[in-house]
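Following: one structure in structure tokens, then a few remarks.
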Amino acid sequence: MPRIRLELEELRLDRPKKRWNIYFVIATPHPLHPDRYAVSMLPQPIAPLRRPADNLLDFVATGNGADGLEVLERDMPPNRSVEVLCWVMHSRRIARHFGDIIDELADSLSVSATPILGNVLGRAHQWVAVARGSLQSLGAIGSSLRSIRDRNLGFVNLGEQFGPEFERETELDRSNTLSTGFGELVWTWTTFGPTSSIPPRTP
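Taking the numbering used here, I'd label the letters of the sequence shown as residues 49 to 251.
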């Protein structure tokens with residue numbers, strides 16, 4: 049079965065402030081349990097941005113096998129469509145822990161959050177399963193971010209419909225402006241499988 053991989057490549061902020069502590073909240077339907085969402089925070093630890101960086105956070109590595117910030121890897125859905133939302137957050141503290149953020153988020157949503165065991169999303173960073181409960185959509189998770197202590201700089205829909213262009217190219221870059229207009233995020237979707245020249249990586 050074909051596999052898909054999502055990586056963040058670059059974040060550019062269009063704000064006068066020059067000091068940031070950036071992290072991303074990622075939410076996507078759980079690939080095995082339709083009654084749950086999978087939620088994560090990355091990078092872990094969070095990424096500081098200081099004046100010399102000119103408000104540019106570049107996740108592209110140098111050298112052979114360059115990768116961005118890996119978000120998820122999973123089997124291609126049967127309908128060749130995947131829903132992923134990303135919120136760009138600024139922490140007022142450099143030390144901000146995954147567990148604290150998830151606990152605050154779960155309390156705001158009034159739902160349970162339990163660790164995801166195994167490798168269903170293919171990445172080494174932590175994920176939790178959030179019961180959908182009374183949530184109407186993934187967007188409700190973004191609304192709950194207003195209640196936590198950090199600043200929401202805006203969201204971007206990273207979802208993809210894997211159409212004919214992925215038959216010609218196995219790796220495609222996407223970009224979009226944050227919902228607030230505060231900057232732009234660049235990401236990459238990659239497809240690979242038994243007939244692809246791109247081998248899957250071990251998390």
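For glycine and all other residues, C-beta sits at the position ideal for the given N, C-alpha and C.
Relative to TRP135, the option among PHE230, GLU215, THR239 whose CA is nearest is PHE230. Comparing alpha carbon positions, the residue from SER192, ARG122, VAL132 closest to GLY241 is ARG122. Rounded to the nearest angstrom, the gap between the Cα atoms of ASP151 and GLY170 is 23 Å. One alpha carbon belongs to ARG222, the other to LEU117, and they sit about 14 Å apart. Residue range 146 to 157 is occupied by the alpha helix (DSSP H) that includes ALA154.
Rounded to whole angstroms, the Cβ separation of LEU104 and THR76 is 26 Å, and the two are not in contact under 8 Å.
Considering only VAL73, PRO50, LEU59, the residue with the shortest C-alpha distance to ILE196 is VAL73.
Counting the other CB atoms within 10 Å of its CB gives THR238 a total of 16 or more, which places it among the buried residues. The C-beta of HIS145 has fewer than 16 other C-beta atoms within 10 Å across all chains shown, which makes the residue exposed.
Pairing ARG67 with PRO126, the inter-Cα distance amounts to about 43 Å. The DSSP-derived three-state label of GLY190 is helix. Where GLU121 is concerned, there is no enclosing alpha helix (DSSP H), although the beta strand (DSSP E) around it starts and stops at 117 to 123. For GLU213, the uninterrupted alpha helix (DSSP H) segment begins and ends at 213 to 216.
The beta carbons of ALA154 and HIS78 sit no closer together than 7 Å. CA-to-CA, the gap between GLN209 and VAL130 works out to about 7 Å. Between the alpha carbons of PHE107 and LEU59 lies a gap of roughly 8 Å.
At a Cβ-Cβ threshold of 7 Å, ILE142 and MET89 do not count as neighbours.
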